[in-house]
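Protein chains in written order, with the numbering used here: chain A, 63 to 568; chain B, 52 to 217. Some notes on the structure that comes next.
Listed below in structure tokens is the structure:
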């Protein structure tokens with residue numbers, strides 16, 4: 063073991079962090095002979111900077127060394143130093159002696175002394191009040207009792223002024239600074255806005271004469287001069303003798319408990335509502351999935367039923383098998399799409415490439431996506447117009463398989479909405495720092511009412527039957543995760559233009 | 052003499068009334084929800100129509116089936132800001148209901164409906180057509196976000212102008 067400026071590892075990490083942070087930790091290893099083996103840390107703060115290996119430890123810490131702390135160690139809290147500060151000394155026995163850890167405890171000791179002083183003052187005050195009560199010849203009035211409960215009580219005088227009744231509570235000093243006239247003449251100077259409003263009502267209540275015997279203000283919060291927010295409540299009382307009293311109370315634990323209860327109830331309500339909305343979304347999703355999967359499945363079942371017909375020739379049977387296979391593939395695509403969307407949050411955090419030598423090549427991804435959809439486009443009699451304007455290799459931020467899927471979703475959209483014989487235009491543009499993929503069709507375009515939410519989950523499902531409406535959501539989530547953006551604009555004279563903008567890989 | 056205007060912040064619970072006031076008066080925001088019990092009064096001086104005025108903002112506890120708003124909090128109001136949470140469409144109904152109650156209590160004072168939490172676009176539940184129909188009835192409606200500060204200054208300026216011109 064050696065001394066140094068770092069805390070010895072004999073102490074736990076937690077203790078080490080605490081000590082090192084702000085408690086001016088110092089330590090000393092004392093052998094069984096009472097001599098210092100090592101010492102380190104902020105010895106000066108604890109006024110033992112002269113402690114050296116070989117010195118008698120009792121010279122540095124006479125109150126500690128020599129005490130028997132047994133096998134488990136112990137602590138001497140709040141030892142006063144010559145300069146006025148305080149140190150806690152913790153003792154950790156080891157085989158050949160003991161470690162002594164010194165931590166500054168001046169602030170805590172100061173707080174403790176303050177609390178002791180306040181407790182002492184309160185005890186004196188209670189004794190004084192007890193004496194006063196004993197000395198009082200007359201029975202206490204209701205207003206005096208209320209005042210003794212810690213409320214400020216005022217008596218309304220015939221001239222409209224208020225006079226304090228009984229002992230003013232301690233907190234009134236703070237409120238007085240906020241409402242300077244309170245306790246003297248609340249109507250003679252500016253009050254807190256709340257009390258000012260309540261006193262207007264209270265005066266009407268007192269002038270009214272009949273009815274209830276009290277008018278409560280309800281709670282209000284004041285920010286006191288020290289920044290603390292405190293709850294108060296005022297009550298206008300009409301006594302049996304017709305006199306008027308104003309009682310101002312600092313609301314205590316019951317107010318806090320009520321607020322906590324209300325807070326808990328409302329937080330629970332918010333969580334419950336959020337849960338209901340989540341359930342609604344899930345139900346909608348379930349409906350969409352079942353609906354989408356049902357269509358192809360019906361076709362598959364129909365094809366299989368027809369295949370049972372032994373009258374079919376070879377070509378007819380082959381046609382039915384191909385039809386069934388197409389529907390099965392369609393269903394497979396949907397399932398993949400659904401899985402992709404639900405894993406997109408995770409996928410968005412998965413690795414993607416942003417360095418030029420590893421990033422996907424934009425034109426290659428676009429061509430791959432186009433080739434996947436080319437047969438389907440030809441089947442529909444659509445013309446494909448592909449234009450790549452990047453001039454050479456153009457690596458783009460992303461991952462190749464997911465970028466192909468994003469572009470494939472846009473192509474799939476164009477395929478679905480294009481009129482027979484129409485043209486689907488696909489292009490790639492160099493914009494300097496970014497690359498822009500564009501897919502256009504000559505279909506009817508997106509209805510204006512759907513444009514704002516077009517990339518939200520299920521929206522596409524409203525536009526097209528037989529689709530869960532998840533593809534564009536996947537595009538947005540994925541592209542956004544790569545630092546890009548995706549958008550839609552109407553194409554003139556008709557049709558849709560979807561685009562994806564991605565940063566170039568560097 | 053500086054005019055003083057009492058403005059009541061009204062709405063369902065957790066719509067962001069306190070956050071709007073804190074954003075406007077102290078330029079701070081916390082997304083921790085701490086329910087208001089009773090009322091808290093804040094002040095801010097503004098210049099409106101070339102005059103200086105003091106807005107006395109009564110941040111009143113939200114209303115639900117557990118807590119009702121005390122009418123005494125609303126009396127004497129010169130204007131009201133009715134706050135709804137755009138991500139909870141039912142809070143707009145509550146704001147409109149409170150507007151009616153306020154009218155009965157203090158008369159047709161200037162009022163602005165604030166659709167708060169406008170930054171949460173993905174969770175937005177209010178229908179644009181419904182908002183447009185409310186606007187066509189002559190209601191002043193603004194979108195605000197206590198979180199980003201968007202629209203907050205404009206909202207308080209709007210109610211200040213309304214009260215000053217009333």
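Here a beta-carbon is modelled for each residue, glycine too, at the ideal position from N, C-alpha and C.
Could you check which residue in B:69, B:87, B:90 and B:88 has the C-alpha nearest to that of residue 80 of chain B?
-> Nearest option by C-alpha distance: B:69.
Residue 64 of chain B, buried or exposed, once every other Cβ within 10 Å from all chains shown has been counted against 16 | Result: buried.
Under 8 Å Cβ to Cβ from residue 324 of chain A, same chain only, skipping five residues before and after it: list those, please.
-> For residue 324 of chain A, where only same-chain residues beyond five positions count, there are no Cβ hits under 8 Å.
Who are the neighbours of residue 510 of chain A on chain B, taking C-beta pairs under 8 Å?
-> Those do not exist, as residue 510 of chain A stays about 11 Å from chain B at its closest Cβ, beyond 8 Å.
Would you check if the distance between the CB atom of residue 146 of chain B and the CB atom of residue 133 of chain B is smaller than 7 Å?
-> Inclusion of residue 146 of chain B and residue 133 of chain B in the CB contact set at 7 Å is warranted, their separation being smaller than that value.
Evaluate the contact criterion for the segment 113 to 123 of chain A versus the segment 87 to 98 of chain A: three or more CB pairs, one atom per stretch, below 8 Å.
-> Judged by Cβ distances under 8 Å, the segment 113 to 123 of chain A makes contact with the segment 87 to 98 of chain A, as three or more pairs qualify.
Closer than 8 Å by C-beta to residue 525 of chain A: which residues in its own chain qualify, once you throw out the five before and the five after it? Chain order, please.
-> For residue 525 of chain A, the pLDDT reaches just 48, beneath the cut-off of 50, and the residue's location in the model is therefore unreliable, although a value from the coordinates is still provided. If the five residues before and after residue 525 of chain A are omitted, its C-beta is found closer than 8 Å to the C-beta atoms of 508, 509, 512 and 531, all from its own chain and listed in chain order.
Chain-order list of residues whose beta-carbon lies under 8 Å from that of residue 438 of chain A (same chain, five-residue window excluded) | Cβ within range, chain order: 477.
Alpha-carbon spacing of residue 101 of chain B relative to residue 55 of chain B, whole angstroms | Computed Cα separation, rounded: 15 Å.
Are the segment 438 to 452 of chain A and the segment 477 to 493 of chain A touching, with three or more C-beta to C-beta distances below 8 Å?
-> As far as the Cβ criterion goes, the segment 438 to 452 of chain A touches the segment 477 to 493 of chain A, which means the pair count is three or higher.
Starting from the Cα of residue 147 of chain A, find the closest Cα among A:221, A:109, A:309 and A:541 and give me that residue.
-> With distances taken between Cα atoms, residue 147 of chain A lies closest to A:109.
Cβ of residue 65 of chain B within 7 Å of any chain A Cβ = In terms of beta-carbon proximity, residue 65 of chain B lines the interface with chain A, with at least one pair separated by less than 7 Å.
Among residues of its own chain, excluding the 5 on either side of residue 205 of chain B, which ones have a beta-carbon nearer than 7 Å to its beta-carbon?
-> These residues qualify, in order along the chain: 193.
Amino acids of chain A, ordered along the chain, whose beta-carbon sits closer than 7 Å to that of residue 127 of chain B | Per Cβ cutoff of 7 Å: 259.
Starting from residue 215 of chain B, follow its DSSP beta bridges and name the residues at the other end.
-> Within the DSSP bridge table, the entry for residue 215 of chain B names no partner.
Reduced DSSP secondary structure (H/G/I, E/B, other) of residue 76 of chain B | In the three-state DSSP reduction, residue 76 of chain B falls in the helix class (H, G or I).
Contact with chain A by residue 172 of chain B, beta-carbon distance below 7 Å = Judged by the 7 Å Cβ criterion, residue 172 of chain B is not in contact with chain A.
What are the start and end residues of the beta strand (DSSP E) that includes residue 491 of chain A?
-> Looking at the DSSP string, the run of the beta strand (DSSP E) that includes residue 491 of chain A is 485 to 492.
May I have the straight-line CA-CA distance separating residue 197 of chain B from residue 259 of chain A, to the nearest angstrom?
-> Cα to Cα, residue 197 of chain B sits roughly 28 Å from residue 259 of chain A.
Quick one, which of A:102, A:501 and A:311 has its alpha-carbon nearest residue 231 of chain A's?
-> Taking only the C-alpha atoms, the option nearest residue 231 of chain A is A:311.
Using a Cβ cut-off of 7 Å (strictly closer), state whether residue 91 of chain B contacts chain A.
-> Under the Cβ criterion of 7 Å, residue 91 of chain B is counted among the residues facing chain A.
Using a beta-carbon distance cut-off of less than 9 Å, what residues from the segment 73 to 99 of chain B approach chain A?
-> The residues in question are 84, 85, 86, 87, 88, 89, 90, 91, 92, 93 and 94.
Own chain residues within Cβ distance below 6 Å of residue 361 of chain A, not counting five before or after | Excluding sequence positions up to five before and after residue 361 of chain A, its CB lies within less than 6 Å of the CB of 389, all in the same chain and listed in chain order.
Starting from residue 311 of chain A, trace the beta strand (DSSP E) both ways and give me its first and last residue.
-> According to the DSSP assignment, residue 311 of chain A belongs to the beta strand (DSSP E) that extends over 306 to 312.
Please say whether residue 274 of chain A and residue 284 of chain A have beta carbons closer to each other than 7 Å?
-> It is not a contact, given that the beta carbons lie outside the stated cut-off.
Taking the Cβ atom as the reference point for each residue, do residue 422 of chain A and residue 465 of chain A lie within a distance shorter than 7 Å?
-> Inclusion of residue 422 of chain A and residue 465 of chain A in the CB contact set at 7 Å is warranted, their separation being smaller than that value.
Is the CB of residue 283 of chain A under 7 Å away from at least one CB in chain B?
-> At a cut-off of 7 Å between beta carbons, residue 283 of chain A contacts chain B.
Using a cut-off of 8 Å between C-beta atoms, extract the partners of residue 321 of chain A located in chain B.
-> Neighbourhood of residue 321 of chain A in chain B, by CB distance below 8 Å: 86 and 88, in chain order.
Grab the span of the alpha helix (DSSP H) containing residue 182 of chain B for me, first residue to last.
-> From DSSP, the alpha helix (DSSP H) with residue 182 of chain B extends over 179 to 187.
Partners in chain B for residue 224 of chain A, counting only beta-carbon separations shorter than 8 Å | The premise fails here: residue 224 of chain A is roughly 20 Å from chain B at the closest Cβ pair, so nothing lies under 8 Å.
Please report how far the alpha carbon of residue 307 of chain A lies from the alpha carbon of residue 222 of chain A, in whole angstroms.
-> Each residue's Cα considered, the two are about 12 Å apart.
Alpha carbon of residue 331 of chain A to alpha carbon of residue 183 of chain B, nearest angstrom | If I take the Cα positions, the gap works out to 30 Å.
Distance, residue 549 of chain A Cα to residue 534 of chain A Cα = Whole-angstrom Cα-Cα distance: 10 Å.
Are at least three pairs of beta-carbons, each pair with one atom in the segment 448 to 463 of chain A and one in the segment 536 to 548 of chain A, less than 8 Å apart?
-> A contact is defined here as three or more CB-CB pairs under 8 Å, and the segment 448 to 463 of chain A meets this definition with respect to the segment 536 to 548 of chain A.
Please name the residues in the segment 118 to 143 of chain B whose beta-carbon is closer than 8 Å to at least one beta-carbon of chain A, in chain order.
-> Answer in chain order: 118, 121, 123, 124, 126, 127 and 139.
What's the gap between the Cα of residue 554 of chain A and the Cα of residue 61 of chain B?
-> The alpha-carbon of residue 554 of chain A is positioned some 47 Å away from that of residue 61 of chain B.
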